[in-house]
Structures are given as C-alpha cells and as structure tokens.
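Trainee: Protein sequences appear in the order of chains A and B. Its first residue numbered 34, the first sequence is counted upward by one per residue in my numbering. Its first residue numbered 34, the second sequence is counted upward by one per residue in my numbering.
2 protein chains.
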Amino acid sequence: MYLYNFKGDIMYKVLNNDLIKEYIDETPDIRALLLSDDESIDKLDVSEIGDGNLNFVYNIKCDKKSLILKQAVPFLRCVGEEYPLSRIRMVFEIEALKIEKEICPQYVPKIYYDSVDMSLVVMQNLDSHKILRGEMINREVFPFLSEHISTFLADTLFYTTDFYLSSAQKKEGVKKFINKELCKITEDFIFTHPYEDNETNECNPKLDISVVKKFRENRDVKTAVAKMRYKFMTDAQALLHGDLHTGSIMLNKDETYVIDPEFAFYGPIGFDVGIYLANLVMSYFSLKEDENFYKDYVLAMIKDTWEMFASKFKTNMVENEKKRKSLQWSYPDGLEHFGHYADSFVKDVFDDSVGFMACEMFRRTVGLAKVADVAGIEDLERRAEVEIKVLESAIKFITFNYNSIDEVIEEMQKI
Amino acid sequence: MYLYNFKGDIMYKVLNNDLIKEYIDETPDIRALLLSDDESIDKLDVSEIGDGNLNFVYNIKCDKKSLILKQAVPFLRCVGEEYPLSRIRMVFEIEALKIEKEICPQYVPKIYYDSVDMSLVVMQNLDSHKILRGEMINREVFPFLSEHISTFLADTLFYTTDFYLSSAQKKEGVKKFINKELCKITEDFIFTHPYEDNETNECNPKLDISVVKKFRENRDVKTAVAKMRYKFMTDAQALLHGDLHTGSIMLNKDETYVIDPEFAFYGPIGFDVGIYLANLVMSYFSLKEDENFYKDYVLAMIKDTWEMFASKFKTNMVENEKKRKSLQWSYPDGLEHFGHYADSFVKDVFDDSVGFMACEMFRRTVGLAKVADVAGIEDLERRAEVEIKVLESAIKFITFNYNSIDEVIEEMQKI
Chain A
34 MYLYNFKGDI MYKVLNNDLI KEYIDETPDI RALLLSDDES IDKLDVSEIG
84 DGNLNFVYNI KCDKKSLILK QAVPFLRCVG EEYPLSRIRM VFEIEALKIE
134 KEICPQYVPK IYYDSVDMSL VVMQNLDSHK ILRGEMINRE VFPFLSEHIS
184 TFLADTLFYT TDFYLSSAQK KEGVKKFINK ELCKITEDFI FTHPYEDNET
234 NECNPKLDIS VVKKFRENRD VKTAVAKMRY KFMTDAQALL HGDLHTGSIM
284 LNKDETYVID PEFAFYGPIG FDVGIYLANL VMSYFSLKED ENFYKDYVLA
334 MIKDTWEMFA SKFKTNMVEN EKKRKSLQWS YPDGLEHFGH YADSFVKDVF
384 DDSVGFMACE MFRRTVGLAK VADVAGIEDL ERRAEVEIKV LESAIKFITF
434 NYNSIDEVIE EMQKI
Chain B
34 MYLYNFKGDI MYKVLNNDLI KEYIDETPDI RALLLSDDES IDKLDVSEIG
84 DGNLNFVYNI KCDKKSLILK QAVPFLRCVG EEYPLSRIRM VFEIEALKIE
134 KEICPQYVPK IYYDSVDMSL VVMQNLDSHK ILRGEMINRE VFPFLSEHIS
184 TFLADTLFYT TDFYLSSAQK KEGVKKFINK ELCKITEDFI FTHPYEDNET
234 NECNPKLDIS VVKKFRENRD VKTAVAKMRY KFMTDAQALL HGDLHTGSIM
284 LNKDETYVID PEFAFYGPIG FDVGIYLANL VMSYFSLKED ENFYKDYVLA
334 MIKDTWEMFA SKFKTNMVEN EKKRKSLQWS YPDGLEHFGH YADSFVKDVF
384 DDSVGFMACE MFRRTVGLAK VADVAGIEDL ERRAEVEIKV LESAIKFITF
434 NYNSIDEVIE EMQKI
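#1: By DSSP's criteria, B:D406 is part of a beta bridge. Which residues make up the other side?
#2: If you check the beta carbons only, do A:S200 and B:E295 fall under 7 Å apart?
#3: Here's the rule: buried if 16 or more other CB atoms are within 10 angstroms of the residue's CB, otherwise exposed. What is B:L130?
#4: Distance, Cα to Cα, B:L77 vs B:M156?
#5: Can you grab the Cα-Cα spacing for the pair A:K358 / B:S426, in whole Å?
#6: Name the chain B residues that come within less than 8 Å of A:H274, Cβ to Cβ?
#7: What separation, rounded to the nearest whole angstrom, lies between the Cα atoms of A:E81 and A:D160?
#8: My assumption, with CB atoms under 8 Å, is that A:I127 sits in contact with A:T189. Please give the rounded CB distance.
#9: So, helix, strand or coil for A:D81, using DSSP?
#10: Looking at C-beta atoms only, is the number of pairs between the segment 100-108 of chain A and the segment 258-270 of chain A that lie closer than 8 Å three or more?
#11: With distances taken from CA atoms, which of A:M169, A:L215 and A:K447 is nearest A:L109?
#12: Between the segment 50-84 of chain B and chain A, which residues of the former have CB atoms less than 7 Å from a CB of the latter, in chain order?
#13: Thinking C-beta only, is A:A259 closer than 7 Å to A:G275?
#14: For A:N21, which of helix, strand or coil comes out of DSSP?
#15: So, does the segment 392-409 of chain A touch the segment 310-318 of chain A, judging by three or more C-beta pairs under 8 Å?
#16: Does the beta carbon of A:R252 sit closer than 7 Å to a beta carbon anywhere in chain B?
#17: What residue does the alpha helix (DSSP H) around A:Q446 start on, and which one ends it?
#18: Confirm, please, whether the CB-CB distance from B:E393 to B:L308 is below 7 Å.
#19: In this structure, how does DSSP classify B:M151 when only helix, strand and coil are distinguished?
#20: DSSP three-state label for A:Y309, please.
#21: Please tell me whether A:I121 has its Cβ less than 7 Å away from any Cβ of chain B.
#22: Among B:C111, B:G367 and B:N171, whose alpha-carbon lies nearest the alpha-carbon of A:R449?
#23: With 7 Å as the C-beta to C-beta threshold (strictly closer), list the residues of the segment 368-395 of chain A near chain B in chain order.
#24: Have a look at A:V387 and A:I442 and give me their C-alpha separation to the nearest angstrom.
#25: Nearest to A:K403 by alpha carbon, out of A:D71, A:R120, A:F125 and A:T233?
#26: Please confirm whether B:M350 has its beta-carbon closer than 7 Å to some beta-carbon of chain A.
#27: If you run the structure through DSSP and keep just helix, strand and coil, what is A:K22?
#28: Quick check on B:S281: does DSSP put it in helix, strand or coil?
#29: What is the rounded straight-line gap between the Cα of B:A391 and the Cα of B:T398?
#30: Return yes when the Cβ of B:Y263 is within less than 7 Å of the Cβ of B:R249, no when it is not.
#31: Is it right to say A:N171 is buried, meaning 16 or more other beta carbons lie within 10 angstroms of its own, or is it exposed?
#32: Near B:L68, which residues of its chain fall below 8 Å by C-beta distance, leaving aside the five closest residues on each side in sequence?
#33: At the 7 Å Cβ level, is A:L198 part of the contact set with chain B, yes or no?
#34: B:K204 and A:I211 - do their beta-carbons sit closer together than 7 Å?
#35: So, using beta-carbon positions, are A:E444 and A:K429 closer together than 7 Å?
#36: Return yes when the Cβ of B:H370 is within less than 7 Å of the Cβ of B:T289, no when it is not.
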C-alpha cells in the first residue's frame, strides 16, 4: 500500500522486514542512530515483534545498538485490511509520548525519531524489560512498581489538568486530543458490548451464562455502567493514557516504563487508575488457593497504588497552590480549606476509579478482549470459577459505595 | 480600524452609523432584504441600540422592513480599545444560533446573513418583543414563558449530547466550540473573583461586608464553588447557550426568543438551567413584602421551569431510546431500566443546576456584573436587605442537598 503527496512522492507505505532497511537507508536521522556513514545497511538485523492488535513493531539491531520502530497501518492489524482504522492514531501516540516524557521522563521510553506522514515512531528498545502482565503470570515481584506507577499516574494526570495548566492551554489540549476512533473502540468494547448480547463478545464455554444474563438485565448495574460510559465520554479532566492495563507496562526490578498511549485523550482521571487496578484485581482472583504469598503481594500492590497515587495527587494539588498563591485561597485558613477541597476531589477520583475498575472487569470476562492471567487458565472449569469471582465483585464494585481502598480489598477477600 | 486580506482588500472594519449604509450598499445580500434595486441607500434609518458589554447592535429600518445587524469589535465594548477581545466570538455566536435554530426554530431569531470576516450577523428584528429582565421589573406576566424556555433548554441541551449525536459528531462539536476567551470570562467573573478580594468586584456600599467575608472564608462554600468551577471547565455534556440570564430572552405575550449565544461551548447541562433559575430567584427576592401576586408568579416560574424541563428532557431521552432500540436496553425490562437511568441523570442535572444557580447569585451580588432587578433598587438599605437574602440562600443552595425544586422553594420562603 502506497500513498503519494501532491508532488507525486511516496508519503506513506506499509513497511515490512525488507522495506524497513530501504527506509532506514533513505532516512539519515534513523540511519545515524545505528550505523556509521561507511557501514552497510545489510548489517541491520530486523525482526517484527508486535503482538498487539493494532500496529507493527520492529526490533532493529546492529551490533550492540538497537531500537524499536513502531508503525501504524490503516487497518486493524489483528483483523486485517477489511477492518479500516485511520493512521491518525500514531499522531496521538507520538504527541502523548512527548507530553508524558516531559512530565515523567523516567517512566517513558526515549523517542529518537517520528514521522506523521509515515505514521511511525522510533524509540528506545526496552530489551532488558518485560511486559508486566507476563511477569505477574510468572509470579514475579517488583519492589518499586507501585511507587513508579503511582507517580506516573499522579504526575501525568495532574500536570495536564486545569489545576496546573492555564484555562487556554488545557482547552488546546482537549482540542488536540479529540481521538474519535480510539475512544469509540473503548465506548463500544468496554462500555457497551459486554452488557448486551453482542456478536463480538466471547465467553468461556464453561462460564454459567445465567450469571452473565443476571447483570446484563440488572437495573442498578445497567444504570451505573451507563453513568460510567457517559462520564468517559464527557468528563475532560486530564490527558489520559487511555489503555493502562498491565500489558502497557514494561519493567525490570529497577525500572518501569509505560508504553502505547495511542488511546490518549482528555477524559476522567479515574479511568486510567481504574483500568490499572482492575488488571491487578483480575490477577489476584486468578491465583490458586495456596498462593498466599502472591495474593498478599497483589493486594499490597492494589492498596499501595491507590494510596500512593491519592497522596501524590493531593500533594501535587497543594504544592501547586502554594506556589500559585491564588487570591481565592489567600486568607489565614485558605490553604487548609484548599486541602479539604483536594481531599474531596481525590475522593471523587476514587469513586470513579472503582466504577471504571468494575467496567474493565466485566469486559475482560465477557467482552471481546481477555486478560491472559485469567483466560490463560487451561482448566476451563477453574477458569470459570475465577471468572464468576471477577463478575461478582464487579457487580459489587459498580453498585456499592466504598470509603477507602481497604473496604474494596475486604470486599475482594469476602468473595 | 481596518484589517486587510492577502490581496490588500479590506476584510474587516468597525462599522458606525455612516459606514453601515456604505457596507449595506456594497453587500447585495443585505441590500436586497431592505431595498429594491432602484431605491437609494439614503432611505435607510440606522440607529445603534446595543446596551450589552461586548458588541455593537444596529437597528436598520426602511419603511416597514427592518432588521438587526450585530457586529463584534476586537475589544470589550464596555471598557474600550484597551481591553482587547478577539472577534472570534462572533463565529461562536453565528454557529450556535444556527444549531439552536435547527433544533428550536420557534425560539431563535431568523438569521438572514452572516460574515465571519466582518464578524457580523444580520437577523430578525424582534421589535414587538422586549427583554425579559425589564418586563419582570415591570411585573409583567407571560403565560407561555416557562413552557417555551423549558422546551428551549430540554431540546437544545438534549439534541447536542451524546445521547442523540453519534460519538464522533459530538466530539466534532466539542472541538468546534472550544471557546477559550469567553469561557475564561465566566471562569473568572462567575467562579473566581466573587470569592476573593478582587479589584474588579463591586459592592453596594450599604451591604454588610462581614457577610461577604463570611462566605469568602467558609471552607464548605469554597470547596463547593471550586467543584462547580471545575465542573464548568471539564464536563463537556451539551452545547450550552452559556449566558442564559433574563437579559438574553426577548418576548411578548405569545412568543419567546433566546438571543446572544456567544458564550456557547460544550459544558454541563445544569449551567444553562441554573443561570436562568438564579435570575428568577433574584427577581423573587427583589420584590417588596406586599407583592404577593408577583411573588407567587415568580415561584411558579421557578417550579414550572424546572419541572417542565426535567420532564421534557427525560421524555427526549426515553423517546430517543425507543427509536434507537439499542441492543444494550433490548430486554423485557430494558426500557423501564433506561427510564430509571434517565431519572438518575436528570437528578444529577438538578444538583448541578442548584450549584450553578448559587454561583450566579453570589457573583451578581458581590462580583462585577449586577442584575437590574436588585441593583436597580434605589434605596441602598433596602437593596442591601435583598442582597443579604440572595447571599444567604446562595450559601444554603451550594452547601446543602435538595431532593426537589419544592425543597429549594421552601428554603427560599424560609429566608
């Protein structure tokens, strides 16, 4: 597939293992990252390593140097050319990566090159890092993960809100990140299809379908899900990652990186927090009865992530207000009152997070996309037992009010 | 002031009584509305009638024909050229008028001509209609007003939401109506300055300043106002009018028109409803003890406006869902459950409306802009008594929860 510009030059082409060498040879900015001027392009070792649904990802090596080239194609990779999806998503990914990098350089891969025309980005190869989901399935422990992720969340989310940006800057951000196609995917696959008899849904054949029907026709669940969906569609609070599950995190014992922000848009803060927590909760339920050590570890991750996030977000709010010294809060008790407002704001984010967490748990069980932690359980009867726990706790999470993450964890332990 | 395009032609100039005739003579589409080809431009009778803060408004007559020409100038009219304000606001006004006109033709003036370059719109002259605020000050009664305004609110707000529009159309709307400058005016003058010791504030010298200080340093009021401000800045629910006070409504006994939507943007539905209700509440408090008939009339307006709006908005939601027949609610009790969701949605709008109502009441008392209903009371002592009632009820409205408009009205009667 080739696209031409108005002068007739090739502007976009879908790369493959061969074309990629040619492309690098013609693109001095990338070539210089890997080869000296007199070295031949044949020295490069290219392999496609993408396992996602959307894009092609190439690992390109030359001696000890290596990098990642990620290209968006104008269709849904996992389906094929008959499911078109605009390449504009790469623009959102590039722009979001740059903003996240500015806010949290330690948690975002380095970007070496990007091309909007070619819908590609060249970035740091995280080859000493692995995907968190796989590591949790292997029962690996990461002592700094909750510290890192809570900072990533608190900082990327705070520094893109109206609290930090000027009113005009924030509105420019909203406009720039109107991400219609990828938001529609979330609206459909997280907030709509799982709650109806939709042909895209897929279910473990051993899962008792009457349980599914029970929440699909439950007034309070349906109302609560409709509210979360509406909130997702209207509440332009902060620039979200938009898809922060445990497959979007690469890490080793020391370092944590968040990747793949193509779903980025201005949405409710609780969405990023809730999606991540949901993936921890599902990992927890996937554990066998005797895996007490890892159960405690995952529960601690859930508690730490929320509590550290909440504390850091509040600190961001209060420290920013101390610097800003806005007239509005400049009276003897003003800063204390602002702290009360910050607490109340963070509590609203907590409520949203628990709601979004529940939606992610429903859809990863009865919708199209699954999580390997649960769907990878080979014994379908045991998998169904786990899934029932996931669904039953999701029903509680979306219909009850909780005052703290401890109450949420207690609820999990009761199920 | 002249602005030129790239060819050197005049693209924009500020009109005045003389230049306006010249402009009409050069603009066949406007000329033909008033004059036959052989009639001279000298037949036109032009007078400037604008009394707003922002724009120039001309009444142009020729025999029995007449129309209104409204032009935005690149500064704040009420201050002068030293307070620049971009003319882009006229684009928002024109675009919003067109959308409102499509949704509610009977409540929006006809638009005959518009020019983005010249920042002007030519529209129906509502010369048998008067401004609602003045009419309420004259204690006039309008039997159809609440019916009309509740329909305007329920329809313009519903038909621009995600309930009615596709996800992509709605997002295009949000993008198009990023109205930075005029939103900033609201953020500052409704949600910030009135709650601080800001130099732009103006107060009745007879108003006990200790009452003002009491809410400016009250933790719960400050927190609640900060939440409403944040909601205004983030909650992109529907295309709002954005400035729907009783000065933005022109009417006679039979007809009602809503004018001046230059503040239009995607915001929380309760903002339009709350601003309008606040202006009724202030009119109520401005009445003298013995004006029982008009007191009852205004209370009925408040009750009817809310209840009719709530019922019409819910009907719009339910009827739309009946037509749409989305799979999600297609089960035996689905439509009943959707009705429950609609009730819950409308209750959230109610809570928002009461909150925004309180903000408008604060700012119209201690901020820069006043309402003539109260500020026009010549006896400053009596005016201060009214203002204390407005402030005290605003404090209640913003810090308490109410279940119905009847509870709000009861609260008003207690004060």
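All residues carry an ideal CB built from backbone N, CA and C; glycine is no exception.
Mentor: Taking the coordinates as given:
#1: Looking at the DSSP assignment, B:D406 forms no beta bridge with any residue, so it has no partner.
#2: no
#3: buried
#4: 16 Å
#5: 29 Å
#6: By Cβ distance, chain B contributes nothing, its closest Cβ being about 18 Å from A:H274, past 8 Å.
#7: Rounded to whole angstroms, the gap between the alpha carbons of A:E81 and A:D160 is 14 Å.
#8: Contact flag wrong, Cβ pair sits at about 16 Å.
#9: In the sequence as presented, Asp is not what sits at residue 81 of chain A; that position holds Glu. If DSSP states are grouped into helix, strand and coil, A:E81 belongs with the strands.
#10: no
#11: A:L215
#12: none
#13: Going by C-beta atoms, A:G275 is not nearer than 7 Å to A:A259.
#14: Here chain A covers residues 34 to 448 and nothing more, so residue 21 of chain A does not appear.
#15: yes
#16: yes
#17: First-last of the alpha helix (DSSP H) with A:Q446: I438 to K447.
#18: For the sequence presented, residue 308 of chain B should be read as Ile rather than Leu. Taking 7 Å as the Cβ cut-off, B:I308 and B:E393 qualify as a contacting pair.
#19: Note: B:M151 maps to coil in three-state DSSP.
#20: helix
#21: no
#22: Missing from the structure shown is residue 449 of chain A; chain A here goes from 34 to 448 and no further.
#23: For the segment 368-395 of chain A, which is checked against every Cβ of chain B, the residues closer than 7 Å are H370, H373, Y374 and S377.
#24: 11 Å
#25: A:T233
#26: no
#27: For chain A, the structure presents residues 34 to 448; residue 22 of chain A sits outside this window and is missing.
#28: helix
#29: So the alpha carbons of these two residues sit roughly 11 Å apart.
#30: Contact: no.
#31: exposed
#32: I74, K76, L77 and C95
#33: It does not; no Cβ of chain B falls within 7 Å.
#34: yes
#35: yes
#36: no
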